[in-house]
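In the UniProt record's numbering, the protein residues as written are 1 to 388. Contents: one structure, followed by commentary.
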Amino acid sequence: MPPAADPDEDLCSSAAAAAAAGEVAPAPPLPPPPVSAEERIERAWAHWRRLGSPRLMVAPMVDNSELPFRMLCRRYGADAAYTPMLHSRIFSENEKYRSMEFTTCKEDRPLFVQFCANDPDILLQAAKMVEPHCDYVDINFGCPQRIARRGNYGAFLMDNLTLVKSLVQNLSANLHVPVSVKIRIFPRLEDTLAYAKMLEEAGASLVAVHGRTRDEKDGKKFRADWDAIKAVKDALRVPVLANGNIRHMEDVKNCLDHTGADGVLSAETLLENPALFAGFRTKEWKEDGDENGDSGLDQADLVIEYLKLCERYPVPWRMVRSHVHKMLGDWFRVHPEVREELNKQNLLTFEWLHDMVMRLKKLGGRVPLYKKESALQTTANGLAASNA
């Protein structure tokens, strides 16, 4: 018989597949024994510390926080990462969806696997499939998009706190891996605090707070409310993460100082600049002064690195195309004809994309990333050192 597969090399295999191979599927583990609230809080912090108390995290992004991108961000300073939001019902029912939308590897840790859900039993079924391959199972209570309204999940469950509570309780009572949640704030602070405390009491071992309301969808138009995040951090006893307004390492420092949060998440900025957590910044956030020099790295270099990771860890081409557009946005604004060529390319290949990047370099020179070698960059190094 072949050697037993590593759990991260054979993801989400079904009992039916095991039976077809002549193997006996192992019995599912028994639910963990109930614990007191005090012991659960202690375990939440013990788990967080075992992971190295990660502080710089890749936020969950639909079609964008997939394995190759997570690994690229980890290469440039990210301590932990979330998967894209996975639909719990489809995940539990459809093997093709599982194999296409959720991949991981040994180096892809610490890892949060995020689901949207509105049925506690279906969510638990999906969560048990990923439990051996992650460090947290996360519930998305923050998606504000129209599709979440139609599907009755994400931030629209803020209108049904009884269901929210049951989703968290059912996972917490039946999983051996901790449960985390990602939320948005209510317009009234007292409602936000009551919501966060309810989630903690229901069994959440970590709460990530996006400091915008459900209606504040445009991150460029609405600033995240760090005061609200601070209030949640002060009110809860489990680790709290801050999400919103993270564009460079100075923002990381300011956010952690202001909120007291245990870590930060970044989403949109990482799509353009996956090297953010290593202290690099784009021209948009470059400050005047001698301390902000051309780092020698540019966004085209990051695209090449990303494409090599995609060759190693294949993902759907729609994800690859999206990342190329985001990372090469500055180049495409100068050379829109190359962007149009990409848009017309129905069937992408790695060879074609590599050639396109080389063509852009010949046309436009470089679009450098900048690095501030000062106390702020020292802060980034200090964050990494403190977790070593």
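Glycine included, C-beta positions come from ideal geometry on N, C-alpha and C.
Residue i, buried or exposed, once every other Cβ within 10 Å from all chains shown has been counted against 16
i, result
"Asn346", "exposed"
"Arg98", "buried"
"Asp135", "buried"
"Val168", "buried"
"Pro54", "buried"
"Gly296", "exposed"
"Lys233", "buried"
"Ala160", "The sequence shown places Asn at residue 160, rather than the Ala named in the question. Classification of Asn160: exposed, given that the 10 Å Cβ count is below 16."
"Ser36", "exposed"
"Ala204", "buried"
"Met358", "exposed"
"residue 390", "With the chain running from 1 to 388 in the structure shown, residue 390 is simply not present."
"Arg312", "exposed"
"Thr107", "It should be noted that the sequence gives Glu, not Thr, for residue 107. With fewer than 16 Cβ atoms within 10 Å of its Cβ, Glu107 is classed as exposed."
"Asp225", "buried"
"Arg188", "exposed"
"Leu206", "buried"
"Glu340", "exposed"
"residue 406", "For residue 406 there is no data in the structure shown, the boundaries of the chain being 1 and 388."
"Arg281", "buried"
Spatially closest choice to residue i from the options, by CA coordinates
i, options, result
"Val367", "Leu189, Glu107, Val334", "Val334"
"Asn243", "Asn64, Arg237, Leu111, Val252", "Val252"
"Leu363", "Val338, Arg321, Phe350, Leu348", "Val338"
"Leu123", "Ile139, His133, Pro314, Pro110", "Ile139"
"Arg214", "Gly154, Phe350, Lys96, Glu190", "Gly154"
"Lys220", "Arg237, Arg247, Asp227", "Arg247"
"Lys283", "Asp330, Pro239, Val315", "Asp330"
"Glu101", "Leu236, Ser88, Glu341", "Ser88"
"Trp352", "Asp227, Phe222, Pro336, Val320", "Val320"
"Phe350", "Asp191, Pro316, His133", "Pro316"
"Gly142", "Arg49, Met61, Ala46", "Met61"
"Ala208", "Arg281, Arg43, Pro336, Ala59", "Ala59"
"Gly145", "Thr162, Pro178, Arg184", "The sequence given here places Gln at residue 145; Gly does not occur at that position. It is Arg184."
"His133", "Val177, Glu93, Gly151, Thr162", "Val177"
"Lys182", "Gly211, Arg49, Glu190", "Gly211"
"Val179", "His47, Lys326, Glu216", "His47"
"Glu250", "Ala44, Glu93, Arg49, Lys372", "Lys372"
"Lys119", "Asn152, Thr103, Asp227, Glu95", "As written in the sequence, residue 119 is Asp, which differs from the Lys given in the question. The option with the nearest alpha carbon to Asp119 is Asn152."
"Phe332", "Leu307, His354, Leu360", "Leu360"
Inter-residue spacing [alpha-carbon to alpha-carbon] between residue i and residue j
i, j, result
"Ile304", "Ile229", "37 Å"
"Ser65", "Leu302", "15 Å"
"Ile147", "Phe186", "20 Å"
"Tyr370", "Asn245", "19 Å"
"Asp121", "Leu171", "9 Å"
"Leu328", "Glu268", "14 Å"
"Met57", "Leu265", "5 Å"
"Ala126", "Val137", "10 Å"
"Met356", "Leu270", "22 Å"
"Phe156", "Met129", "25 Å"
"Pro33", "Arg40", "11 Å"
"Gln299", "Glu272", "8 Å"
"His258", "Met71", "29 Å"
"Pro84", "Ser322", "14 Å"
"Arg149", "Ala117", "12 Å"
"Ala194", "Met158", "12 Å"
Expected contact under 8 Å - CB spacing of residue i and residue j to nearest Å
i, j, result
"Phe112", "Tyr82", "4 Å"
"Glu131", "Leu199", "So it is not a contact: roughly 20 Å between Cβ atoms."
"Lys165", "Ala202", "5 Å"
"Pro68", "Leu309", "4 Å"
"Leu241", "Gly263", "5 Å"
With contact counted as at least three CB pairs below 8 Å, one residue from each stretch, are the stretch 271–278 and the stretch 73–89 in contact?
-> yes
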